[in-house]
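J.: Residue 181 is where the sequence shown starts when you use the working numbering, and the numbers rise one by one after that. Pasting in a structure now, in structure tokens, and then I'll have a few things to ask.
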Amino acid sequence: MNYTEIDHISRSQHPKIYNGFIEYGTAGFRTKSDYLDHLLYRIGILAVLRSKKLEPDNGVKLVDPAGEMLESSWEKIATDLANAADTDLIQYLKTIVNEQNINEDAPAMVIMGRDTRDSGWSLSRSSIDGINAANGTIKDFDIITTPQLHYLVVATNTNGAYGEPTVDGYYAKFVNAFGKTRNSQDNDKYIGKIYLDAANGVGGIAAKRFQEQLENNIIIRIFNNGTGRLNQNCGADYVKIKQLPPVNNPAKAFQRSVSIDGDADRVVYYYTDDNDKFHLLDGDRIATLAAGYLKDIVEETGLIIKLGLVQTAYANGASTSYISELLKIPVACTDTGVKHLHHKAQEFDIGVYFEANGHGTVLFKDSIIQIINKAAENTKLIDEEREAAKKLKNLIDLINQSVGDALSDMLLVEAILYDKGWDIVTWEQSYVDLPSRQLKVKVQDRNLIQTTDAARKCISPIGLQEKINEIVERYPKGRSFVRASGTEDVVRVYAECENSVDVDKLAAEVSLAVYKFANGVGPEPIIPV
Numbered sequence: 181m182n183y184t185e186i187d188h189i190s191r192s193q194h195p196k197i198y199n200g201f202i203e204y205g206t207a208g209f210r211t212k213s214d215y216l217d218h219l220l221y222r223i224g225i226l227a228v229l230r231s232k233k234l235e236p237d238n239g240v241k242l243v244d245p246a247g248e249m250l251e252s253s254w255e256k257i258a259t260d261l262a263n264a265a266d267t268d269l270i271q272y273l274k275t276i277v278n279e280q281n282i283n284e285d286a287p288a289m290v291i292m293g294r295d296t297r298d299s300g301w302s303l304s305r306s307s308i309d310g311i312n313a314a315n316g317t318i319k320d321f322d323i324i325t326t327p328q329l330h331y332l333v334v335a336t337n338t339n340g341a342y343g344e345p346t347v348d349g350y351y352a353k354f355v356n357a358f359g360k361t362r363n364s365q366d367n368d369k370y371i372g373k374i375y376l377d378a379a380n381g382v383g384g385i386a387a388k389r390f391q392e393q394l395e396n397n398i399i400i401r402i403f404n405n406g407t408g409r410l411n412q413n414c415g416a417d418y419v420k421i422k423q424l425p426p427v428n429n430p431a432k433a434f435q436r437s438v439s440i441d442g443d444a445d446r447v448v449y450y451y452t453d454d455n456d457k458f459h460l461l462d463g464d465r466i467a468t469l470a471a472g473y474l475k476d477i478v479e480e481t482g483l484i485i486k487l488g489l490v491q492t493a494y495a496n497g498a499s500t501s502y503i504s505e506l507l508k509i510p511v512a513c514t515d516t517g518v519k520h521l522h523h524k525a526q527e528f529d530i531g532v533y534f535e536a537n538g539h540g541t542v543l544f545k546d547s548i549i550q551i552i553n554k555a556a557e558n559t560k561l562i563d564e565e566r567e568a569a570k571k572l573k574n575l576i577d578l579i580n581q582s583v584g585d586a587l588s589d590m591l592l593v594e595a596i597l598y599d600k601g602w603d604i605v606t607w608e609q610s611y612v613d614l615p616s617r618q619l620k621v622k623v624q625d626r627n628l629i630q631t632t633d634a635a636r637k638c639i640s641p642i643g644l645q646e647k648i649n650e651i652v653e654r655y656p657k658g659r660s661f662v663r664a665s666g667t668e669d670v671v672r673v674y675a676e677c678e679n680s681v682d683v684d685k686l687a688a689e690v691s692l693a694v695y696k697f698a699n700g701v702g703p704e705p706i707i708p709v
């Protein structure tokens with residue numbers, strides 16, 4: 181690499197004008213677009229270096245907006261590079277090259293994409309400057325979803341084995357697989373029509389392509405498709421947090437609706453009943469639906485396959501009980517953050533993971549895929565086993581294993597509901613969620629709160645966990661845990677129990693305990709009467 185040229189371009193075209201600290205988190209770098217020019221230039225260089233590093237597991241090489249796929253050790257490298265002074269940039273790059281044993285002469289390709297935000301084009305130019313300065317090769321796919329970007333990287337790095345490494349290849353893979361899941365639009369209670377809230381984001385473009393190519397298999401009515409502001413009163417996060425339908429939803433009572441987020445990597449389902457009551461089916465519901473369906477098919481194949489479900493502590497206790505006690509599927513719990521769930525899911529032959537916010541997917545080990553493929557062609561198996569293997573093989577093609585993909589996940593849900601002949605009400609009736617609440621408590625220093633066991637047990641301050649246990653014991657099916665915020669001096673409290681009235685009191689009592697043990701700031705939490 182020509183460090184002199186890199187330094188010249190950095191100082192003359194992309195100087196660091198923002199002195200605040202920018203950290204690489206679970207969603208990558210997130211801050212105001214005005215502060216990102218120097219960062220995008222440097223990340224372009226870093227993407228080239230990451231691509232040059234010779235490692236067998238170097239599958240996803242791009243520092244992408246979703247964040248979870250970047251190797252953990254490189255998160256600190258990215259953060260330090262982003263915050264280095266202009267005068268220290270070259271020395272820091274040389275340090276990365278030396279410490280990571282990077283061959284500067286190795287070829288490097290960086291796959292790029294951006295969303296529909298106004299700042300996207302100029303920021304992508306900054307990254308291109310960095311990639312060019314580091315002698316990297318660029319494949320710029322312009323406006324695409326985050327999951328499409330992940331797909332393109334995996335498809336490229338597997339030489340097309342995962343799918344054709346183009347945007348058209350992305351659609352073809354999932355459209356073809358979905359078409360094989362049905363021979364009509366409707367089946368029993370299932371009606372092949374959904375209303376899709378695209379959050380006025382880039383997902384609306386992808387949804388439109390799916391709509392056009394799937395018109396003979398399912399009717400997709402898209403709204404909030406880019407005419408309004410991104411995520412304003414719409415999108416998966418809004419629907420999940422507010423427990424309300426998005427604006428402009430044309431669906432009538434009991435009609436199935438879907439909301440994705442602006443990046444198209446989260447999806448939630450919902451409907452309203454004839455009393456206009458809102459019903460949410462979130463990531464927990466999608467996870468249990470998928471895991472239960474896969475369990476049935478695996479059993480039909482006669483193959484010995486280890487299936488498991490991965491959740492976080494935020495998963496509703498009713499979903500955990502349903503999947504582990506009724507369906508008898510192993511459940512693992514990890515810290516919050518998709519990268520933790522993704523890695524844990526890789527321990528199973530088939531690992532299902534979803535966060536409650538609707539971000540998740542299903543992973544299949546390569547060795548299991550080979551076994552399933554062979555079973556699908558094995559004429560010595562009885563017809564039922566071979567057909568089940570074929571169905572499982574097709575589901576593998578329907579799922580974007582590289583990352584949570586709202587649209588791929590939506591197609592998976594639709595395929596399952598069709599096969600079962602279920603409407604959304606039947607799906608919801610699988611189990612009844614426990615009432616839950618989430619509160620925040622302001623404290624002097626959030627670092628006082630330390631947890632273990634996937635954030636389910638508090639080990640600091642001493643005595644707080646014992647107090648939480650004492651409170652929880654008074655409530656049937658009670659559960660509560662606390663964890664420090666990653667960005668502000670607040671402690672987040674989660675509580676659930678059998679009764680919707682009691683859950684408010686449970687959450688308040690635990691909040692008061694946090695306030696007293698962890699040096700709360702401001703008014704004490706009030707216990708409802």
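Don't be surprised by glycine CBs; every beta carbon is placed ideally from N, CA and C.
Give the DSSP-derived three-state secondary structure of residue 539 in the structure shown.
T.: Three-state result, residue 539: coil.
J.: Are the CB atoms of residue 407 and residue 599 within a distance shorter than 9 Å?
T.: No, the pair does not count as a contact, with Cβ atoms beyond the cut-off.
J.: Any idea which residues DSSP pairs residue 676 with across the strands?
T.: Its beta-bridge partners are 616, 659.
J.: Taking residue 479 as the reference, which of 459, 566, 518, 418 has the closest Cα?
T.: The shortest Cα separation from residue 479 among 459, 566, 518, 418 belongs to 566.
J.: Could you check what DSSP says for residue 784 in three-state terms: helix, strand or coil?
T.: Residue 784 lies beyond the stretch modelled for the chain, which goes from 181 to 709, so this question has no answer here.
J.: To the nearest angstrom, how far is it from the Cα of residue 551 to the Cα of residue 371?
T.: C-alpha separation (whole angstroms): 34 Å.
J.: Who does residue 640 pair with in a DSSP beta bridge?
T.: In DSSP, residue 640 forms a bridge with 630.
J.: Report the CB separation of residue 250 from residue 222 in whole angstroms; it is logged as a contact under 8 Å.
T.: Actually they are not in contact, since the Cβ atoms of residue 250 and residue 222 sit about 14 Å apart, beyond 8 Å.
J.: Would you tell me roughly how many angstroms separate the C-alpha atoms of residue 554 and residue 529, rounded to the nearest one?
T.: Residue 554 and residue 529: Cα-Cα distance of roughly 16 Å.
J.: What are the boundary residues of the alpha helix (DSSP H) that includes residue 596?
T.: Here the alpha helix (DSSP H) through residue 596 covers 586-600.
J.: Report yes or no: do three or more beta-carbon pairs, one from the region 616-636 and one from the region 446-459, lie closer than 8 Å?
T.: As far as the Cβ criterion goes, the region 616-636 does not touch the region 446-459, which means the pair count is below three.
J.: Given 8 Å as the limit, is there contact between the region 579-596 and the region 536-552, that is, 3 or more CB pairs closer than that?
T.: Taking 8 Å as the limit for Cβ pairs, the verdict is that the region 536-552 does touch the region 579-596.
J.: Report the option in 691, 665, 276 whose CA atom is closest to the CA atom of residue 516.
T.: Here the closest residue by C-alpha is 665.
J.: Residue 531 to residue 465, Cα distance in whole Å?
T.: Their Cα atoms are separated by approximately 16 Å.
J.: Mind listing, in chain order, the continuous alpha helix (DSSP H) runs of no fewer than 4 residues lying wholly within the region 422-495?
T.: Segments of the alpha helix (DSSP H) lying fully in the region 422-495: 463-481.
J.: I need the boundaries of the alpha helix (DSSP H) containing residue 711, first residue and last residue.
T.: The question about residue 711 has no answer here: the residues shown for the chain are numbered 181 through 709.
J.: Determine whether the beta carbon atoms of residue 404 and residue 425 lie at a separation below 9 Å.
T.: The answer is no: Cβ separation not under 9 Å.
J.: Let me confirm a value: residue 294 is counted as buried when at least 16 other C-beta atoms fall within 10 Å, else exposed. Which label applies?
T.: Answer is buried; the Cβ neighbour count reaches 16.
J.: Leaving out the 5 sequence neighbours to the left and right, which residues in its chain are closer than 7 Å to residue 353 when beta-carbon positions are compared?
T.: So the list reads 343, 577, once near-sequence residues are dropped.
J.: How would you call residue 358, buried or exposed, if buried means at least 16 neighbouring beta carbons within 10 angstroms?
T.: So residue 358 ends up on the buried side.
J.: Residue 261 lies in the alpha helix (DSSP H); which residues open and close that run?
T.: Residues 252-263.
J.: So who's on the other strand from residue 286, going by DSSP bridges?
T.: Note: residue 286 sits in no beta bridge, so no partner.
J.: In this structure, what does DSSP give as the bridge partners for residue 376?
T.: Beta-bridge pairing links residue 376 to 402, 438.
J.: Do you know how far the Cα of residue 652 is from the Cα of residue 706?
T.: If I take the Cα positions, the gap works out to 17 Å.
J.: Might you give, ordered along the chain, the residues of its own chain that have their beta carbon closer than 6 Å to the beta carbon of residue 217, omitting 5 neighbours on each side?
T.: Result list for residue 217: 194, 306, in chain order.
J.: Cutting at 6 Å between CB atoms, please list the residues of its own chain near residue 597, excluding the five before and the five after it.
T.: Counting only Cβ-Cβ distances below 6 Å, and skipping sequence neighbours, we find 370.
J.: Identify whether residue 278 lies in helix, strand or coil by the three-state DSSP scheme.
T.: Correct three-state label for residue 278: helix.
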